[in-house]
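Counting with the numbering used here, you get residues -10 to 1148 for the letters of the sequence shown. Even for Gly, the Cβ is constructed at its ideal location relative to N, Cα and C.
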Amino acid sequence: MLVKTALQVLEGDAVSGSVRVLYSSGQPVHGTLVVSVSLASATHETAPPSIPAQTKEIYGSTQFFFSKDLLQTLYSSPGIGSVLVAACVTDSSTGLKVNQTAEVQVQKNRFLLEFHDFPSSLKPSLYFSSTLSIRSYNSGPLSSEDLINPAVIEVVQETTTMNNEATTLTLPVPEDGKVHVKFRLKDKVLMLFIRAKFQSSEETLRVSSHYSSPTGSYIQVSANTSAAQIGVPLQLEVESSFQPSNLHYVVSSRGQVVAAGTGDSSSFSLMPTLSWSPEACVTVYCVHPDGELISDTVHVATDQPNPVSLKWSSETAHPGEQVSLTVTAAEPRFQLGVMVMGTHRDTPRADLSVRVKQNCKIKMLTNAVLQQHQQPDVPVDGHALTIETSWRHWMDDTESLLWIDSPVSENTWTSEKLSVPDGFTALRAVALVMSDNLGLGFTPAPQQLMVTKDFSLSLNVPSRLVRGEEIVLEVHVINHLERDLEVILLLAQSETFEFVLANSADMSVVNAQKLTLGSHLSAVASFPIRLVALGMVDITVDAVSAEASDSLVWRVLVQPGGVERSFSKTLFLELPPLNHNISRSLSFSTPPHVVPGSQRTHVALVGDILALSISHLDSLVEMPLVGGDQNMILFAPSIYVLLYLDKSTQDNQELRSLAVGYMKEGYQRQVSYQREDGSFSPFGDSDSSGSTWFTAFVLRCFHQAQAYMRVNQSVLFRAVTWLLKHQGPLGEFSEKGRLIHTEMQAGLDDAPVALTAYVLMALLEDESYVVRYAGNISLAQKYLEDKVTGGGLSNYSMCLAAYALALANSPVASAALNELRRRADLIDGVMMWSSSAGPPSPDWPPRSAQVEMTSYVLLALFRRGNVVEGIELMKWLSEQRNRLGSYGTTQDTIVALQALAYYAAFSGAKAIDLGLSVSTPTSPVVSQLHINSTNFLAFQSQEIDADKDVALNIYMEGRGFAILQLNVFYNLDSGAFSQHATEKEAFSLDVAVAEEADHNHMLLSICTRLKDSQALRQTGMVIVEAGMLSGFRLPPGAAAPEGLIRKVENQEEKVTLYLDSVNKSEMCIGLPLHRYHKVARVQAAVVQVYDYYEPTRRATRVYNSDILATSNSCFFCGLDCARCLPGMSVVISSSHSVCSATCCVFYTVLAAAAFFIVA
């Protein structure tokens, strides 16, 4: 928000200004503005005076005005120095408030008078000089009428004779307002009183004689310039009240004596050097015949030894315009620093000094009579940095935007193009240079670029829409000028959308409108369009006035609608030792009810077991990620990539650096989820307790990461201490917090076998723990061995126990593996096991529990040395990955990648040399790909043109193996989804919509429960994803975590709710939705509920608005679409200039051309 008002007002004048408030996207805020004016500092014992606040509607920008009569109460307050203008805007749609204040200095006089550069002590019989600065109360220059009036200086010199007659000087006022005052002092002057008058304003100055010479002798030094140049002689003149014999001088700068000598006359010259910079004190002294040492000092500023020139490419610019900066230094080869700041002030305050004189303190050792001078109580900062002294006031009320640090080889440097940001009235830039010979140089004052704008342009469009929907494009224009403004808007035509009103018989121009806006007011033009093409659509709006123009391009993703679905099929293609070629086929049958145009097909090929996953290392899991879990999917897979690189002896430094970077980033975030007691939980301190399972998960991964990065041992020690503190007497580990992993729940075995095995794996990852915590480990191992031999374990628990016991080198590990072999169902020659989610199935995607169990068995076999037996399991795991190279969840992805990493290290991928050809029945060659030892890790992908069924023939020759993946993306028509539960769904899900009469608000009700047919009593963490109807959103803060809802993620296209668990009792959630955009013929949105760690356990429904689904754009445009009717009329009156008339004619031609040209 920007509050723009005058920096100063004259006491008794009105206070006016404007308020502009926009969203970060540039959209104007529609709401209520409350503006008040109050004293800046209230020192009254009673309540400070107040005046009524003003309340008005605002749409992006508006003006305010407080008359002088309203402000009289404030102006009559004693000691008033400034007032505060406070503006508060309340967003009408969200209720959110934004506040901003602006301080206005209240000046009692029309002119400000101030004395400068006067001596602190008087020198009788010599001269007194000073500069009187006169400026307007608002820091503006004096007008020609003002300069007609002289400055009247009244001088009274108090002496010992008490003859204090006043002397009057009448002096002309120059254009810069600086009047130089100089007169001779009387011999016996003790006090000087000066009164300066200019029209109705006046200022006084009183100077005392702080030093009196016993002999009545004084000298006075003056320089021929106020700013000396290095290497150019400086002429000094010495006036005296007696005839000195010899004059001596000392030059000091920054606390050091830099020059000294003796002059042979009352006029002599000195040569300024680099050591004088930035300011020197020249002290001249002599010894009176009576033995008194008499002196005077003059301050001499010097030009920079390393002058710096900084210029903008233009003096003014519009927001969004490209500008540049040019810096010129005195010598080449320098280090440059440039800072760019934004300010809401048009000009910096002119009353601020940019130089502070240093205190000249010289200590003398002499046998002469040296009188102590009494110094006035004037604060002097002798240690102020010159840069700070020069810049500090210019940097008030600024916001740092950009810092550039660059070495420069030439004398001149020019920046790249910089885009002028919106929201500022000016940009200020300062520069520093450092060179070898000349040292530090800087710009003495920031260089300013004025940011001007006749009007603002914004477009109210959502980032996503659905094909076939109609939206009323609202183009908002805000006039920033102090006068009325006419703006013509042109909406560029495109094949990607249609104008809804284009077929109206009386419409000749449908893409242009003219707006007339008052000063600092806003208006809106409406264009109803219908989206007809898929993909990214550019909506371009041009706005032109008689003196300015602007344009805006907004990109909208147009989706096909319906429910998104995908299919991945992966083949592990292996050439037998004696065969040099093979042929395989791969197909996909398009299901019914696919939305036309939504299907996309890709083929991907890699030559390494892990390559599919490595190519998506930063985005392995597509589903929503929970707090600490999100970090682990970034952290843990990188460990196994590094393990693979080490075991396979690959020198891939780029991949290694990438993996270490992800690992360090994940580690730094993960430690923030450690609680004070040392435990970890998915939501950190917001959870009521630490989680045994999650603590073991983090501990295990941190141990594995120690080979590649530094891990804080205190973090590990606190975590393992907390875990062991909760070990049971039999060696078991029970969950002390929330167990979000459904399959890990103790209820499946009536005992925490899986969790105990999981904790034991974490403890066995560090060899030092085997000795340090031998008792705890032995007890847990004994517990698992008893449970395995005792029977009755679920398949999931048996798989985890087999790997944990294999890590412990327990002989019972063989018994566990034998039991798993006995229980396995062979599907296509691969062992599979049933879980709580159901029996094993060859369908894709596989259940997450099935992936986890297979991975743990594969790890146990590898640990036991049964590498060959695990090959079929390894191939099956390789073929179950999705398009991102991962599986359904974080847990199955992490454990599966660990297992695959061991096998990938010994796969011999570097010996691959394969050629692969893909064809279809209608195309002999769709794709030809080649894999060898240089690109086997590369992810090669190609899109296939296939709108319906996919049938691929794959021919491969050479040596080695490859992994080929077919990925198909499509949308199913929402009509195919019944509102009633199907047999395959694990949840009962009911979705209902209650619309309010204004159709701006609706309540989305979602009720769900676990179906009675499920073997579980309750799930672990469950995700509810509620897609938003186009134009609607959940207002910020409308749904807060409470009860079973652990977290709420509010995005434009959907709202994601994280639930602790769902049981067989129904729970309902209400989401109050608000309409932000005018969308008609709205397509249905999707609501899904699924188990976080078993996504195949899910249910899906769709919902819609009965009214908006069938209404067209005229629903928002009034009767006969009157408020959205296009067209334009250009009126050229006789008062317009020729230039303005020409512009209007040009705009008419431009509008006509835009109507006939299709982008």
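Sixteen is the threshold: since fewer than 16 other Cβ atoms of the shown chains lie within 10 Å of the Cβ of residue 151, the residue is exposed. Per the DSSP secondary-structure output, residue 270 pairs in a beta bridge with 241 and 288. The alpha-carbon of residue 642 is positioned some 10 Å away from that of residue 649. Note that the segment 716 to 731 does not touch the segment 651 to 660; fewer than 3 beta-carbon pairs, one per stretch, sit closer than 8 Å. If you check the CB distance, residue 859 and residue 847 come in under 7 Å. According to the DSSP assignment, residue 19 belongs to no alpha helix (DSSP H) but to the beta strand (DSSP E) extending over 19 to 28. Boundaries of the alpha helix (DSSP H) harbouring residue 786: 784 to 796, taken from the DSSP string. Here the alpha carbons of residue 900 and residue 785 stand approximately 37 Å from one another. By a beta-carbon distance limit of 8 Å, residue 160 does not contact residue 114. Their separation comes to about 23 Å.
Contact between the segment 139 to 150 and the segment 168 to 182 is established, with three or more Cβ pairs separated by less than 8 Å. In the three-state reduction of the DSSP assignment, residue 857 falls in the coil class. DSSP places residue 393 in the strand class (E or B) of the three-state scheme. Put simply, the segment 391 to 400 touches the segment 316 to 324. At least three CB pairs are less than 8 Å apart. Within the segment 949 to 1019, complete beta strand (DSSP E) segments of at least 3 residues are found at 950 to 961, 976 to 984, 990 to 999 and 1011 to 1016, given in chain order.
Of 425, 266, 730 and 1060, the smallest CA-CA separation from residue 981 is found for 1060. For residue 54, the number of other beta carbons within 10 angstroms of its own is below 16, and it is reported as exposed.
Spanning the alpha carbons of residue 996 and residue 839 requires a straight line of approximately 29 Å. The beta carbon of residue 231 sits closer than 6 Å to the beta carbons of 206 from its chain, once the five residues preceding and following it are set aside; these are given in chain order. Put simply, the segment 1105 to 1112 does not touch the segment 556 to 576. Fewer than three CB pairs are less than 8 Å apart. Its chain contains 557, 591 and 872 as the residues whose beta carbon lies nearer than 6 Å to that of residue 956, once the 5 sequence neighbours on both sides are disregarded; these appear in chain order. Using a Cβ distance threshold of 7 Å, residue 1088 and residue 1075 do not count as a contacting pair.
A buried status is given to residue 387, since no fewer than 16 other beta-carbon atoms sit within 10 Å of its beta-carbon. Put simply, the backbone Cα of residue 724 is about 10 Å away from that of residue 684.
Listed in chain order, the beta strand (DSSP E) runs fully inside the segment 625 to 659 amount to none, counting runs of at least 3 residues. If you look at residue 570, you'll find it in the beta strand (DSSP E) that goes 570 to 577. Between the beta-carbon of residue 1070 and that of residue 1098 there is about 7 Å, and that keeps the pair under the 8 Å contact cut. Distance from residue 1072 to residue 455 at the Cβ level is roughly 4 Å; contact confirmed, criterion being Cβ atoms closer than 8 Å.
A direct Cα-Cα distance of roughly 21 Å separates residue 796 from residue 631. A contact is defined here as three or more CB-CB pairs under 8 Å, and the segment 808 to 815 fails this definition with respect to the segment 758 to 768.
The C-alpha of residue 295 lies about 20 Å from the C-alpha of residue 404. Around residue 908, the same chain offers 914, 915 and 942 as residues with beta carbons nearer than 7 Å, after the five sequence neighbours per side are excluded.
For residue 1051, the closest C-alpha among the options 1044, 1034 and 1042 is that of 1034. Distance from the CA of residue 285 to the CA of residue 274, rounded to the nearest whole angstrom, comes to 7 Å. If the five residues before and after residue 29 are omitted, its C-beta is found closer than 7 Å to the C-beta atoms of 70, 71, 72, 73 and 92, all from its own chain and listed in chain order. Runs of beta strand (DSSP E) with 3 or more residues, each lying fully within the segment 181 to 255, are found at 190 to 197, 208 to 212, 223 to 229, 236 to 242 and 245 to 252, listed in chain order. Judged by DSSP in its simplified three-state form, residue 695 adopts coil rather than helix or strand.
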